[in-house]
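Working notes for the structure below.
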Amino acid sequence: MSIATMDRIASQSRWRARPVAEKALIGLGFLALAIVLPPWPGAALVAAVMLAITFFGARVSLRFWLSVAALPLGFLLTGAAVLMVQIGPEGLALAPGGPAAAAALAVRALAATFCLLFLATTTPAADLLGAARRLGLPGEIVEIALLTYRFVFILAEEAAAMTVAQRARLGHATRRRWLRATGQVIAALLPRALARARRLELGLAARNWQGEMRVLSARAPARLPVLALILCGQALVVALTLWAGRGP
Amino acid sequence: MEGYLPASHAIGWYVAAAPFFVAGTLKIRKLVAERPEARLTLAASGAFAFVLSALKIPSVTGSCSHPTGTGLGAVIFGPSVMAVLGVIVLLFQALLLAHGGLTTLGANAFSMAIVGPWVAWAIWKLGRGIGLSVALSVFLAACLGDLATYITTSLQLALAYPDPASGFWGAALKFGSIFAVTQVPLAIAEGFLTVIVMDALAGK
Amino acid sequence: MTEILRAEALCYRFPGAVTALDGLSLSVDAGESLAILGPNGAGKSTLLLHLNGTLRPQSGRVLLGGAEARYSRAALNDWRRRVALVLQDADDQLFAATVFEDVSFGPLNLGLTEAEARARVDEALAALSISDLAARPTHMLSGGQKRRVAIAGALAMRPEVLLLDEPTAGLDAEGAAQLITFLEGLVAGGMTLVFSTHDVELASALASRVALFRAGQVMATGAVGALLCDRAALSGVGLAPPILVDMALEARALGLIPDWAELPRSRADFAALLATWARR
Amino acid sequence: MTEILRAEALCYRFPGAVTALDGLSLSVDAGESLAILGPNGAGKSTLLLHLNGTLRPQSGRVLLGGAEARYSRAALNDWRRRVALVLQDADDQLFAATVFEDVSFGPLNLGLTEAEARARVDEALAALSISDLAARPTHMLSGGQKRRVAIAGALAMRPEVLLLDEPTAGLDAEGAAQLITFLEGLVAGGMTLVFSTHDVELASALASRVALFRAGQVMATGAVGALLCDRAALSGVGLAPPILVDMALEARALGLIPDWAELPRSRADFAALLATWARR
Numbered sequence: 035m036s037i038a039t040m041d042r043i044a045s046q047s048r049w050r051a052r053p054v055a056e057k058a059l060i061g062l063g064f065l066a067l068a069i070v071l072p073p074w075p076g077a078a079l080v081a082a083v084m085l086a087i088t089f090f091g092a093r094v095s096l097r098f099w100l101s102v103a104a105l106p107l108g109f110l111l112t113g114a115a116v117l118m119v120q121i122g123p124e125g126l127a128l129a130p131g132g133p134a135a136a137a138a139l140a141v142r143a144l145a146a147t148f149c150l151l152f153l154a155t156t157t158p159a160a161d162l163l164g165a166a167r168r169l170g171l172p173g174e175i176v177e178i179a180l181l182t183y184r185f186v187f188i189l190a191e192e193a194a195a196m197t198v199a200q201r202a203r204l205g206h207a208t209r210r211r212w213l214r215a216t217g218q219v220i221a222a223l224l225p226r227a228l229a230r231a232r233r234l235e236l237g238l239a240a241r242n243w244q245g246e247m248r249v250l251s252a253r254a255p256a257r258l259p260v261l262a263l264i265l266c267g268q269a270l271v272v273a274l275t276l277w278a279g280r281g282p
Numbered sequence: 231m232e233g234y235l236p237a238s239h240a241i242g243w244y245v246a247a248a249p250f251f252v253a254g255t256l257k258i259r260k261l262v263a264e265r266p267e268a269r270l271t272l273a274a275s276g277a278f279a280f281v282l283s284a285l286k287i288p289s290v291t292g293s294c295s296h297p298t299g300t301g302l303g304a305v306i307f308g309p310s311v312m313a314v315l316g317v318i319v320l321l322f323q324a325l326l327l328a329h330g331g332l333t334t335l336g337a338n339a340f341s342m343a344i345v346g347p348w349v350a351w352a353i354w355k356l357g358r359g360i361g362l363s364v365a366l367s368v369f370l371a372a373c374l375g376d377l378a379t380y381i382t383t384s385l386q387l388a389l390a391y392p393d394p395a396s397g398f399w400g401a402a403l404k405f406g407s408i409f410a411v412t413q414v415p416l417a418i419a420e421g422f423l424t425v426i427v428m429d430a431l432a433g434k
Numbered sequence: 028m029t030e031i032l033r034a035e036a037l038c039y040r041f042p043g044a045v046t047a048l049d050g051l052s053l054s055v056d057a058g059e060s061l062a063i064l065g066p067n068g069a070g071k072s073t074l075l076l077h078l079n080g081t082l083r084p085q086s087g088r089v090l091l092g093g094a095e096a097r098y099s100r101a102a103l104n105d106w107r108r109r110v111a112l113v114l115q116d117a118d119d120q121l122f123a124a125t126v127f128e129d130v131s132f133g134p135l136n137l138g139l140t141e142a143e144a145r146a147r148v149d150e151a152l153a154a155l156s157i158s159d160l161a162a163r164p165t166h167m168l169s170g171g172q173k174r175r176v177a178i179a180g181a182l183a184m185r186p187e188v189l190l191l192d193e194p195t196a197g198l199d200a201e202g203a204a205q206l207i208t209f210l211e212g213l214v215a216g217g218m219t220l221v222f223s224t225h226d227v228e229l230a231s232a233l234a235s236r237v238a239l240f241r242a243g244q245v246m247a248t249g250a251v252g253a254l255l256c257d258r259a260a261l262s263g264v265g266l267a268p269p270i271l272v273d274m275a276l277e278a279r280a281l282g283l284i285p286d287w288a289e290l291p292r293s294r295a296d297f298a299a300l301l302a303t304w305a306r307r
Numbered sequence: 028m029t030e031i032l033r034a035e036a037l038c039y040r041f042p043g044a045v046t047a048l049d050g051l052s053l054s055v056d057a058g059e060s061l062a063i064l065g066p067n068g069a070g071k072s073t074l075l076l077h078l079n080g081t082l083r084p085q086s087g088r089v090l091l092g093g094a095e096a097r098y099s100r101a102a103l104n105d106w107r108r109r110v111a112l113v114l115q116d117a118d119d120q121l122f123a124a125t126v127f128e129d130v131s132f133g134p135l136n137l138g139l140t141e142a143e144a145r146a147r148v149d150e151a152l153a154a155l156s157i158s159d160l161a162a163r164p165t166h167m168l169s170g171g172q173k174r175r176v177a178i179a180g181a182l183a184m185r186p187e188v189l190l191l192d193e194p195t196a197g198l199d200a201e202g203a204a205q206l207i208t209f210l211e212g213l214v215a216g217g218m219t220l221v222f223s224t225h226d227v228e229l230a231s232a233l234a235s236r237v238a239l240f241r242a243g244q245v246m247a248t249g250a251v252g253a254l255l256c257d258r259a260a261l262s263g264v265g266l267a268p269p270i271l272v273d274m275a276l277e278a279r280a281l282g283l284i285p286d287w288a289e290l291p292r293s294r295a296d297f298a299a300l301l302a303t304w305a306r307r
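Protein chains in written order, with our numbering: chain A, 35 to 282; chain B, 231 to 434; chain C, 28 to 307; chain D, 28 to 307.
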């Protein structure tokens, strides 16, 4: 997957135009629940709800979602496997509570990953940063992050083109040459990145830049009833979890 | 990855990383107040760090992986700025690539944007101070900065998931040995890579 | 005609590089469309950066509406409001996440209120027929779309003069034709246009006057009809007349066209000439 | 003629983006100069990336010398040695400190000895008349020089086919003319050339055969003389015939040129036509 793919998917999402606050409340709210609530049945409920919202609400492409989810899920398997074993006096052995611990971790991590994937596939990172500024993150940091976002795609394209050019001249023929060629790409990329920064400085000066990066936003404001509905859904998940955990 | 740490640990690492992030932010604010265009340079540097962390490099053992760039970033930009740029990079890794996560951002920032760069920077300074060559200092800084990052990650995981029989240290050994298999060859590769980069940069 | 901009004996040298401007003088009249024509590396972009105060001359001066330009923040503010610049690579100018946000940058820098700025953005997007792109992320635009957004960002400041660096570079025939038609419309509406190019065909299609550049100096200036058929002057800067003009000159030398007849600027003009010959 | 490369029913779609190649088939004969002509975004660059194995088709296949291409590391190495690629932006291709080092990148990757590689580099630099630039740092070159160095880097691998993406983009008239002359020489020496362009004039000057592209498909292929005077086919991809061909077609319609006469490919050809009319 190229760096631009997820962003492309997010900006073409059916839910792209939805207010960021609504999507953030869904994604981040359930993310918090996923790690705060007891994994069973709390995180499992969150996972189910997030899958439903992702595929039936935002209609994210299953094929794309699976291609993105594969990597974190791979990590998850290794991590959970570690919990299955213990190091005792007689060396490596199966941990007594291992399977249960591994399953709990797996459910929580799955639920949390589904929340992140929902956010990442429906909301371009730039929208989230704009919202973070409104929530009080320092303006300079948000501006730098937004400019980073802008530069990321340009530089990624340049790096990709350089890699293609190197491969065309057999730059990856051996591992040693590959490592060397990658070093050359990185070394070529840094001055290009800084030169771009200087050129953008000129370009912005020509647009009468006064030292602050003010722009108008055309984003829809969040709707209170929708926010309330989301909160109700989250309260319901909490209530169900507590009820189930009440014991016999 | 997302959801890997229990809530208390997630919050704890956010709190632990916060002072470094705030210190870096204050430094950047001062820089930007003096030279507004520093925003562009910092952003270009951050984007550079992100793109470099998405490049594929061959590891010594035969698999491929991604460089972390912590050593290179620390040597070029300094560790305090790297704390902020590193957090921005980690945020975009989560949102654009689904690598890492938001609940684990604090923990990852602590290991990759704070411990790694500070260790790399200290070794670079030390190496130059005791008269090692530039190449060797760069190699050690990048390689050990990388390792420090992964040792920190292992310890973070061990804290969260102590071994039922042998406790924290047993868990640290378990997580550490898994990382050792994958990360030691990669750290060596990244050390070589960083030397090549610094060498090529010096030639420009 | 009223002079709106003038460069007098400008010199500029980038540190560690060759001299970009070498005592260059040039004046721009209100309402004209001036092509800065010359080979790559002649100093064309550097001149444009001087004409809106982005670069400050190392010697010489720029006059804006007859008065010497000053470089105080207030003066620059006023200058850039009046003289907008569109760079060759739109990626050097677009920085915001979406098209709408980006175009609003200039108006907000002018100190307009949000409502005024919003109106300006809508107007500029409509002028370039890209209102439908407003919410599109800037990095997902095609080259031609980026160019339009950059121009919209400049027009949203309602300038008197629009400076464009290689406006059709990288565009395909259709994209270039659309842009030329749009810019012609702007000039017809009273805008003053100054654009740099290495393409005689573009100069021929869009300019009313041409300044020939080489090595940081103006070698000649003249009306487009006169200068673009001056083979000697053009070859002095490594160029040749536009194809159709060249062929018409050939025809004139052969006695097919009378000396006083106007030279063709478009395929249609040339086709009309052919029709005349066919009727004989 | 022997076929050297063939694309069969290639499909490629970038995730989340429009389809770049849509069941495209095309064959390249040894020794020809083939122009891939179409508007921006038609899939031209994506095709070139398939022709040297950089991208792997999502369906369809590529044949190299009649055998289906394979994507193992060894097969790719052999493929790319035989089919070299020069990208549109030379900056993406030059990363070594000096011109000499950069051109030696390919030969060294082929596993040649230093002495052999050195000989290859000298030969490639001489072919492009840039031997004097050998020690020059790559970032201190002009746009035209960078393009030549990039081509030298490809030629130093002694490929059978040279793929060029928009070879004259960004060059001024003089730079473009020099490059075209050089590439003509290469073809005359037996090289197979495949280049992408949105410029009919370039296709007319350099190609022996043209493939018209639109929306990831080949709309038509034909000899340059036949296809570039087909107004209907060209307008189907948003293009018009080269200016001189267009005017000659006009003249033919008016009865000034007999139907069987060859259409002009250069200013000299057209001037000769004019001379014929003047003699009548």
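The C-beta atom is built at its ideal place from N, Cα and C for all residues, glycine as well.
For Asp273 (chain C), the residues of chain D that pass the 8 Å Cβ criterion are Arg294, in the order they occur in the chain. Among the residues facing chain C, Pro255 (chain A) is not included, as its CB has no counterpart in that chain under 8 Å away. Excluding residues up to 5 positions away in sequence, Thr156 and Ala254 lie with their Cβ nearer than 8 Å to the Cβ of Arg52 (chain A) in the same chain.
CA-CA distance, Met246 (chain C) to Phe240 (chain C), rounds to 6 Å.
Under the 10 Å beta carbon count, Glu95 (chain D) is surrounded by fewer than 16 other beta carbons and is classified as exposed.
Chain order gives the chain B residues near Arg142 (chain A) as Gly233, where near means a beta carbon separation below 7 Å. Here Val113 (chain D) has Ala177, Ile178, Ala181 and Leu191 as same chain residues with Cβ atoms under 6 Å from its own Cβ, once five neighbours each way along the sequence are excluded. Cα atoms of Ala92 (chain A) and Ala154 (chain A): separation of roughly 12 Å, rounded to the nearest angstrom. Listed by position along chain A, the residues whose Cβ is nearer than 7 Å to that of Glu267 (chain B) are Glu235. Closest in C-alpha terms to Arg211 (chain A), from the list B:Ala284, B:Phe405, B:Leu416 and B:Pro288, comes B:Pro288. Between Val314 (chain B) and Ile258 (chain B) a beta carbon distance of about 6 Å is seen, short of the 8 Å cut, so the two are scored as contacting. Ala129 (chain A) and Tyr234 (chain B) have their C-alpha atoms spaced approximately 19 Å apart. For Ile270 (chain D), the chain C residues whose Cβ falls inside 7 Å of its Cβ are Ile270, Leu271 and Arg294, in order along the chain. Under the three-pair Cβ rule at 8 Å, the region 309-328 of chain B counts as touching the region 249-257 of chain B.
Bridge pairing for Phe222 (chain C): C:Ala62 and C:Leu191 [DSSP].
Our two residues, Val305 (chain B) and Arg214 (chain A), have alpha carbons roughly 20 Å apart in a direct line.
Rounded to whole angstroms, the separation of the alpha carbons of Pro194 (chain D) and Ala238 (chain D) is 16 Å. The secondary-structure analysis by DSSP pairs Leu112 (chain C) across a beta bridge with C:Leu190. By the beta-carbon neighbour count (other beta carbons within 10 angstroms, threshold 16), Gly80 (chain C) is buried. Taking the CA atoms as reference points, Gly171 (chain C) sits about 16 Å from Gly70 (chain D). Listed in chain order, the positions of the region 177-206 of chain A with a beta carbon within less than 8 Å of a beta carbon of chain C are Leu180, Leu181, Tyr183, Arg184, Phe187 and Ile188. The alpha-carbon separation between Ala229 (chain A) and Phe185 (chain A) amounts to approximately 12 Å.
Pairwise C-beta distances place the region 131-138 of chain D out of contact with the region 85-95 of chain D, as fewer than three of them are shorter than 8 Å.
With 16 or more other Cβ atoms inside 10 Å of its own Cβ, Val126 (chain D) counts as buried. Within the region 150-184 of chain C, the residues whose Cβ lies closer than 8 Å to any Cβ of chain A are, in chain order, Ala161, Ala162, Arg163, Pro164, Thr165, His166, Met167, Gly180, Ala181 and Met184.
Annotation: Cβ neighbours of Gly131 (chain A) in chain B (cutoff 8 Å, chain order): Pro394. The C-beta of Pro415 (chain B) comes no closer than 8 Å to any C-beta of chain A. Not flagged as an interface residue toward chain A: Ala247 (chain B), since no C-beta distance is shorter than 8 Å. Arg241 (chain D) has D:Gln244 as its beta-bridge partners, per DSSP. For Val94 (chain A), there is no enclosing alpha helix (DSSP H), as DSSP marks it with neither H nor E.
As a beta-bridge residue in DSSP terms, Ile287 (chain B) pairs with B:Ser295. Leu233 (chain C) and Val221 (chain C) have their C-alpha atoms some 10 Å from each other. Counting along the chain, the unbroken alpha helix (DSSP H) around Ile178 (chain D) starts and ends at Gly170 to Leu182. With a threshold of 16 other beta carbon atoms within 10 Å, Met342 (chain B) meets it and is buried.
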